[in-house]
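Start counting the sequence shown at 19; every next residue gets the next number (this note's numbering).
Below is one structure, written out as structure tokens; the observations come after it.
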Amino acid sequence: MYTLTIDEHGRDVSTQHDTPEAAQAALHAYLVISDYYHRPTQLSATHTAFELLSLAEARPRVVGVATIEPYSELDARRDLKTVFAAASPIHALAS
């Protein structure tokens, strides 16, 4: 599993994908819909990072970043632990 995380103007969105190619395809779809381009900042076998560029004004400007990285079983367990901790009856009573 791989995680695509897009941070645009301080808003983070993360999605899970079976392969890095699927995550890359999702990023490209996002770029087309948003009318952005991307510039690689880090390319390796396990982690890729890009700057998101807007060409809407006279000069290109960076509007966000995107990363594609492996999503491990340990990451999944941490996410589940966070979800269950937030949904506990004690947490609900404190709200």
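No residue lacks a Cβ here, since even glycine has one placed at the ideal position from N, Cα and C.
Query	Result
Cβ shell of Pro79 (< 6 Å), same chain only, five flanking positions each side left out	Sequence check: residue 79 is Arg here, not Pro. Once the five neighbours on either side are set aside, the close Cβ partners of Arg79 are Ser72.
Euclidean distance between Cα positions of Leu61 and Thr33	19 Å
Bridge partners - Asp25, DSSP secondary structure assignment	Asp30 and Val83
Buried or exposed by the 16-neighbour rule on C-beta atoms within 10 Å, applied to Ala84	buried
Backbone CA spacing between His35 and Ala44 [nearest angstrom]	9 Å
CB contact flag (Leu22, Ala41, <8 Å)	yes
Tyr55 versus Ala74, Thr64, Tyr89 and His65, residue with shortest Cα-Cα distance	Ala74
Same chain, Cβ closer than 6 Å to His65, neighbours up to 5 away in sequence not counted	Glu87
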